[in-house]
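Student:
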Amino acid sequence: MKIEYEEFETLEDIFMYLASAAPPMKNTMPINSYKGYVMSFIPLSPSTGEVYLMLYAKGSLEPGIYEFDVTSKSYKKVEGIERADKVYFISLTPKRNTIADSALENI
Numbered sequence: 013m014k015i016e017y018e019e020f021e022t023l024e025d026i027f028m029y030l031a032s033a034a035p036p037m038k039n040t041m042p043i044n045s046y047k048g049y050v051m052s053f054i055p056l057s058p059s060t061g062e063v064y065l066m067l068y069a070k071g072s073l074e075p076g077i078y079e080f081d082v083t084s085k086s087y088k089k090v091e092g093i094e095r096a097d098k099v100y101f102i103s104l105t106p107k108r109n110t111i112a113d114s115a116l117e118n119i
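Numbers in my numbering are just positions in the sequence shown, counted from 1, shifted up by 12.
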């Protein structure tokens with residue numbers, strides 16, 4: 013498995029990047045808050061699963077649903093997915109993530 017990296021200064025920048033991919037992926041995407049980083053993995057070779065792009069920034073998020081507004085470049089934790097004009101992220105904090113562990117060793 014090969015991992016490519018794209019580092020961002022802020023969580024909002026990661027959300028902006030992922031929001032640009034949201035329409036084909038619907039309007040809800042998972043992200044991980046793990047070992048001091050917020051990250052998302054995008055398969056670059058979907059058929060083989062051999063190459064991933066890791067988008068990340070230093071930081072953390074509590075598990076839950078986050079509503080992101082592209083116009084104001086802001087996010088907030090919410091109780092549910094309610095609006096079609098917003099992008100939602102589901103923040104998860106895995107106990108163990110072997111892909112992330114492998115990727116973090118190489119940062």
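Note that CB positions come from ideal geometry on N, CA and C, so glycine has one too. All of these numbers come straight from a predicted model, not from anything done at the bench.
Please tell me whether V82 and M41 are closer than 8 angstroms, where the distance is taken between their beta carbons.
Tutor: no
Student: Taking only three categories from DSSP, how would you classify I93?
Tutor: coil
Student: Based on the DSSP output, what are the partners of I54 in its beta bridges?
Tutor: Partner(s): L65.
Student: Count the other CB atoms within 10 Å of the CB of K98; is the residue buried (16 or more) or exposed (fewer)?
Tutor: buried
Student: Quick check on DSSP: helix, strand or coil for T60?
Tutor: T60: coil per DSSP, three-state reduction.
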